[in-house]
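Written out below as structure tokens is the structure these notes cover.
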Amino acid sequence: MPKVNEDYIQKKKTQILDAAFVVFKRKPLYEMTMLDVIKEAGISKGGIYRYFGDIDEVIIALLNRETARNNYKHKIDEILASTETTVSIVEALFDFLANYIHNSPATLGKFQFELTVYFANHPNKSEKFKNSLTEQENGQYFISTLFNEITKGVNKGELQTIFPLNDIFTYIITTIDGVVHKVVLQKCYSVNANRIDVIQIFKMISNSVLHMLGVK
Numbered sequence: 039m040p041k042v043n044e045d046y047i048q049k050k051k052t053q054i055l056d057a058a059f060v061v062f063k064r065k066p067l068y069e070m071t072m073l074d075v076i077k078e079a080g081i082s083k084g085g086i087y088r089y090f091g092d093i094d095e096v097i098i099a100l101l102n103r104e105t106a107r108n109n110y111k112h113k114i115d116e117i118l119a120s121t122e123t124t125v126s127i128v129e130a131l132f133d134f135l136a137n138y139i140h141n142s143p144a145t146l147g148k149f150q151f152e153l154t155v156y157f158a159n160h161p162n163k164s165e166k167f168k169n170s171l172t173e174q175e176n177g178q179y180f181i182s183t184l185f186n187e188i189t190k191g192v193n194k195g196e197l198q199t200i201f202p203l204n205d206i207f208t209y210i211i212t213t214i215d216g217v218v219h220k221v222v223l224q225k226c227y228s229v230n231a232n233r234i235d236v237i238q239i240f241k242m243i244s245n246s247v248l249h250m251l252g253v254k
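First residue of the sequence shown: 39, per our numbering; consecutive thereafter.
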């Protein structure tokens, strides 16, 4: 069999992922199969397995591609480089996240929500996905950056917390998860007709967190 160059391989992978994206938009991620993608891509069974070992590899590659188009780690770095006080960093990070959630494509939320269902039904696959998904890196980077900056502010005496720091961190995570969950249900599944104002909600969360951190 003749060798093919890297450009040809990338074009074939793109063709497959484009087809997978079309399938994903019409059915839940956790119901997607290799046969669905094969039919949509117009490629043979033998052909698709040259590039992806199973449907999990297709889904991971698709999620990472869409995440790369909406990568935000460098924007967090820009906030840190241009902002001085801990209070202003916390405010800027929450403002950034609010705008990101508000403006991000509905497909990213659909991916996140349906992955949760997928992991619930296939817990053995959770680690495989989480170790390969760059979206996890983005989210973890935001949270670790926020927590690190708050911790530094406490250590420098800029912040005088009125609740234990671990409790504040738990509040932040659970509150963000709740907002994201509601937004995804609204954007992707038309659940809860009364849309929330994400920008305003995150401003309230930011103010609440700063209050817990002892900011008057």
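Backbone N, C-alpha and C define an ideal beta-carbon position, used for all residues, glycine too.
Close beta carbons around residue i, own chain, < 6 angstroms, minus the five adjacent residues each side
| i | result |
| --- | --- |
| Glu152 | Pro66, Leu67 and Tyr68 |
| His280 | With the chain running from 39 to 254 in the structure shown, residue 280 is simply not present. |
| Val155 | Tyr68 |
| Phe157 | Ser164 |
Reduced DSSP secondary structure (H/G/I, E/B, other) of residue i
| i | result |
| --- | --- |
| Pro161 | helix |
| Lys241 | helix |
| Lys65 | coil |
| Ile234 | coil |
| Ser120 | helix |
| Met72 | helix |
| Asp56 | helix |
| Gln198 | coil |
| Gly177 | helix |
| Arg103 | helix |
| Asn204 | helix |
| Val247 | helix |
| Asp115 | helix |
| Ile86 | helix |
| Tyr110 | coil |
| Asp92 | coil |
| Gln191 | The question names Gln, but residue 191 in the sequence shown is Gly. Of the three classes helix, strand and coil, the one that applies to Gly191 here is helix, per DSSP. |
Whole-number beta carbon distance between residue j and residue i, since they are thought to touch under 8 angstroms
| i | j | result |
| --- | --- | --- |
| Thr71 | Ile93 | 6 angstroms |
| His140 | Val236 | 4 angstroms |
| Ala79 | Ala99 | Going by Cβ atoms, the distance from Ala79 to Ala99 rounds to 13 angstroms, so no, they are not a contact pair. |
| Ala144 | Cys226 | 5 angstroms |
| Leu146 | Glu104 | 6 angstroms |
| Phe201 | Phe185 | In fact, because the Cβ distance is near 14 angstroms, the residues do not count as touching under 8 angstroms. |
Residues near residue i in its chain [Cβ-Cβ closer than 7 angstroms; skip 5 each side]
| i | result |
| --- | --- |
| Ile76 | Lys83 and Ile86 |
| Val229 | Leu223 |
| Gln198 | Gly252 |
| Tyr138 | Tyr110 |
| Phe59 | Leu100 |
Of the listed residues the options, nearest to residue i (C-alpha basis)
| i | options | result |
| --- | --- | --- |
| Thr52 | Tyr89, Lys254, Ala136 and Tyr156 | Tyr89 |
| Asn204 | Met250, Lys241 and Ile117 | Met250 |
| Gln150 | Tyr46, Thr212, Ile239 and Leu223 | Leu223 |
| Asp215 | Phe240, Asn232, Phe201 and Arg233 | Phe240 |
| Ile211 | Tyr46, Val247, Lys190 and Gln238 | Val247 |
| Leu55 | Asn43, Gly91, Glu116 and Ile97 | Ile97 |
| Ile243 | Lys254, Thr213, Lys220 and Arg233 | Thr213 |
| Ile114 | Asn102, Leu101 and Val128 | Val128 |
| Lys148 | Lys50, Arg64 and Lys49 | Arg64 |
| Asn102 | Glu175, Thr189 and Gln48 | Glu175 |
| Ile81 | Lys49, Ala106 and Asn162 | Lys49 |
| Ile188 | Phe132, Gly91, Asp74 and Phe62 | Phe132 |
| Glu95 | Val60, Asn162, Asp74 and Lys166 | Lys166 |
| Tyr209 | Asn245, Asn232 and Asn43 | Asn245 |
| Gln238 | Phe134, Asp74 and Asn169 | Phe134 |
Close-in-space but distant-in-sequence residues of the same chain around residue i (CB under 8 angstroms, 5 per side omitted)
| i | result |
| --- | --- |
| Met39 | Caution applies to Met39, whose pLDDT of 45 falls short of 50 and renders its modelled position unreliable; the value that the coordinates give is listed next. Result list for Met39: empty, nothing under 8 angstroms. |
| Asp45 | none |
| Ala130 | Ile117 and Thr121 |
| Ala106 | Thr172 |
Proximity test, Cβ basis, 8 angstroms: residue i and chain B
| i | result |
| --- | --- |
| Ile114 | Judged by its chain identifiers, the structure shown contains no chain B, having just a single protein chain. |
beta-carbon residue i near the ligand COA non-hydrogen atom, thresh 7 angstroms
| i | result |
| --- | --- |
| His249 | Questions concerning the ligand COA fall outside what the structure shown contains, since it holds no ligand whatsoever. |
Item to check | Stretch pair the stretch 109-129 + the stretch 182-198: three plus CB contacts closer than 8 angstroms | outcome: yes
Item to check | Three CB pairs or more closer than 8 angstroms across the stretch 171-189 and the stretch 98-111 | outcome: yes
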